[in-house]
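**Q**
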Amino acid sequence: MNTQNMMDNAVDPDKWMYKVGGISGILVFIGYMIILALYITAFPPSGTEARLIFFAEHATEWWSIIGLSVLTNFLRLLVFFSLFFALKGINRNAALIAVAFEGLFVVLECATSYGAFFPALMNLSGQYAAATSDAQRAIYVAAATYIDAALESGFGAVYVILVPAISTIVISFVMLKGIFRKSTAYLGLVAGILAVVSVVGSYFVSAMSNIVIISSTLEMVWFLLVGYRLYRLAR
344 MNTQNMMDNA VDPDKWMYKV GGISGILVFI GYMIILALYI TAFPPSGTEA RLIFFAEHAT
404 EWWSIIGLSV LTNFLRLLVF FSLFFALKGI NRNAALIAVA FEGLFVVLEC ATSYGAFFPA
464 LMNLSGQYAA ATSDAQRAIY VAAATYIDAA LESGFGAVYV ILVPAISTIV ISFVMLKGIF
524 RKSTAYLGLV AGILAVVSVV GSYFVSAMSN IVIISSTLEM VWFLLVGYRL YRLAR
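Just so you know, we're using this note's numbering here: the sequence shown kicks off at 344 and counts up by one.
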């Protein structure tokens with residue numbers, strides 16, 4: 344079977360989902376660019392009390408980060424659903440596993456980091472700023488300390504970085520079979536592998552956690568390329 348026949352058999356004739364996934368992939372890239380810009384202008388300091396003060400002063404930026412993060416998570420899932428339809432003819436089980444891991448990531452992060460922890464910190468920062476006594480402020484700092492500890496725990500890196508990295512690696516392996524450019528597939532593999540290294544390696548050398556910056560940048564570009572290709576398939 345030649346490459347063209349493989350592509351004809353592997354690509355689902357229903358193009359609507361490809362268009363949704365293509366637009367979603369491009370929007371993920373744009374959303375991440377905006378989030379990155381907001382992070383640069385409003386990167387929080389260390390220390391629970393200092394963060395409460397900072398969040399109160401930069402509430403607009405951080406509510407925007409929270410909202411965009413939740414939105415991009417669901418857009419990511421639409422991209423993976425579209426990839427499943429596009430690649431199920433090549434390896435249905437692997438594509439389904441990738442969708443499952445991506446869905447797990449979206450559920451976990453929206454139920455914890457951006458659905459609970461960060462909104463709670465934002466609310467506490469507003470209450471802290473409005474407090475009229477040191478005793479009130481101490482209560483809010485104590486409550487925020489617990490949330491900070493949860494956000495900085497090693498488990499957080501597992502569901503925020505490791506789980507979506509697995510989905511990216513698996514789907515990129517399937518993409519090597521011919522429907523997408525191999526360069527796009529390899530980019531996804533490198534991004535996913537670096538994300539895994541950043542999580543696992545940080546348990547041995549803390550500085551290795553910084554590798555996630557490189558992997559996140561590569562993944563951002565990967566979503567743009569995947570989105571563009573899916574949109575082309577829809578046409």
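Just so you know, even glycine gets a beta-carbon here, dropped at the ideal spot from N, CA and C.
All values derive from a computational prediction rather than experimental measurement.
Rounding to the nearest angstrom, what Cα-Cα distance links Glu452 and Glu495 in this structure?
**A** About 14 Å.
**Q** What separation, rounded to the nearest whole angstrom, lies between the Cα atoms of Phe460 and Asn466?
**A** In a straight line, the C-alpha of Phe460 is about 10 Å away from that of Asn466.
**Q** What separation, rounded to the nearest whole angstrom, lies between the Cα atoms of Leu411 and Leu379?
**A** Straight-line Cα distance between these residues: approximately 11 Å.
**Q** Is Gly365 near Ala538, with beta carbons less than 9 Å apart?
**A** Their beta carbons are not under 9 Å apart, which means Gly365 does not touch Ala538 by this criterion.
**Q** Is DSSP giving Thr527 helix, strand or coil here?
**A** Three-state DSSP puts Thr527 in a helix.
**Q** So, for Asn416: in the same chain, excluding its five sequence neighbours on each side, which residues have a beta-carbon less than 8 Å away from its beta-carbon?
**A** So the list reads Phe448, Val449, Glu452, Cys453, Tyr457, once near-sequence residues are dropped.
**Q** At 3 residues or longer, and completely inside the segment 483 to 513: list those beta strand (DSSP E) runs for me, N to C.
**A** For the segment 483 to 513, not a single whole beta strand (DSSP E) run of length 3 or above is found.
**Q** Rounded C-beta distance between Phe424 and Met360? I'm assuming under 8 Å.
**A** About 7 Å separates the two Cβ atoms, so the contact holds.
**Q** Only counting the same chain, and skipping five residues up and downstream in sequence, which positions put a Cβ closer than 7 Å to that of Lys362?
**A** Once the five neighbours on either side are set aside, the close Cβ partners of Lys362 are Tyr574, Ala577.
**Q** Work out the CA separation of Phe397 and Tyr571 for me, nearest whole Å.
**A** So the two alpha carbons sit approximately 38 Å from each other.
**Q** So Ser541 packs on Ile504, CB below 8 Å; how close in whole Å?
**A** Confirmed, Cβ separation roughly 6 Å.
**Q** Considering Lys431, what are the terminal residues of the alpha helix (DSSP H) in which it resides?
**A** First-last of the alpha helix (DSSP H) with Lys431: 402 to 454.
**Q** With burial defined as no fewer than 16 other Cβ atoms inside 10 Å of the residue's Cβ, what is the status of Ser526: buried or exposed?
**A** So Ser526 ends up on the exposed side.
**Q** Using a threshold of 9 Å, state whether the C-beta atoms of Ala385 and Ser468 are closer than that.
**A** Not a contact, by the Cβ cut-off of 9 Å.
**Q** Around the C-beta of Tyr546, are 16 or more other C-beta atoms found within 10 angstroms, so that it is buried, or is it exposed?
**A** It is exposed - the Cβ of Tyr546 has fewer than 16 other Cβ atoms within 10 Å.
**Q** Return helix, strand or coil for Pro462, following the three-state DSSP convention.
**A** Helix, per DSSP.
**Q** Does the distance from the C-beta atom of Ser549 to that of Ala441 stay below 9 Å?
**A** Contact flag unset, no.
**Q** The alpha helix (DSSP H) spanning Lys362 covers which residue range?
**A** From DSSP, the alpha helix (DSSP H) with Lys362 extends over 359 to 384.
**Q** How would you write the range of the alpha helix (DSSP H) that Leu568 sits in, first residue to last?
**A** Where Leu568 is concerned, the enclosing alpha helix (DSSP H) stretches over 554 to 577.
**Q** Once the 5 residues before and after Gly535 are set aside, which same chain residues still bring their CB inside 6 Å of it?
**A** Counting only Cβ-Cβ distances below 6 Å, and skipping sequence neighbours, we find Ala508, Thr511, Ile512.
**Q** When you compare the CB positions of Ala438 and Leu430, do they come within less than 9 Å of one another, or not?
**A** The answer is yes: Cβ separation under 9 Å.
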